[in-house]
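Chemist:
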Amino acid sequence: MNYRAIKVRLTCDEKTVREWTSYMRDHGDEVSLALRNEGVRHEMWFMGHDSSLFVIGVMDVDDIAASRAVAAKSELSVDEVHRRFKRSWDARSIEALCIDRASAPHFKECELLFEARP
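Going from the sequence shown to our numbering is simple: count from 1 and add 5.
Below, the structure is given as structure tokens:
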């Protein structure tokens, strides 16, 4: 296992997050294909609120740079929808979270939106 997690503040509303989540859930087979193509073993997304709305993305992947390169070139609809969703990320706020890289983390104060495996 090689988990990593990032916390990203959003410039969109919760409705937009839920629409993205719904698309990903409705296209689970394609999400699994995308993860397989990217070398990702497990992916989870959480949503939370503190001073603002945020998501936490969790991935179990060995080569994050290669994974991102594959995703950037992907023509799968789920990757296009994800790229559109990322336009509502506050890029200045992206924060790597300190987690146990050997096991999938859980964030009690957050809602699990979805998780996927190849």
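Beta carbons: idealized from backbone N, C-alpha and C, even for Gly. Bear in mind that the values here come from a model prediction, so they are computed numbers and not experimental data.
Using the Cβ count rule (16 or more neighbours within 10 Å means buried), how would you classify M6?
Modeler: exposed
Chemist: Run through the region 31–77 for me and flag every whole beta strand (DSSP E) of 3 or more residues, listed as ranges in chain order.
Modeler: 45–54 and 58–66
Chemist: So, at 8 Å on beta carbons, what are the nonlocal neighbours of S108 in its own chain, with the 5 sequence-adjacent residues on each side left out?
Modeler: M6 and Y8
Chemist: Please report the distance separating the alpha-carbon of F90 from that of T21.
Modeler: The straight-line gap from Cα to Cα measures roughly 8 Å.
Chemist: What are the boundary residues of the alpha helix (DSSP H) that includes E85?
Modeler: Note, E85: alpha helix (DSSP H), S82 to K91.
Chemist: Buried or exposed, going by whether 16 or more other CB atoms sit within 10 Å of the CB of I61?
Modeler: buried
Chemist: Return the first residue and the last residue of the beta strand (DSSP E) that E114 is part of.
Modeler: Segment: none, E114 is in no beta strand (DSSP E) and carries neither H nor E.
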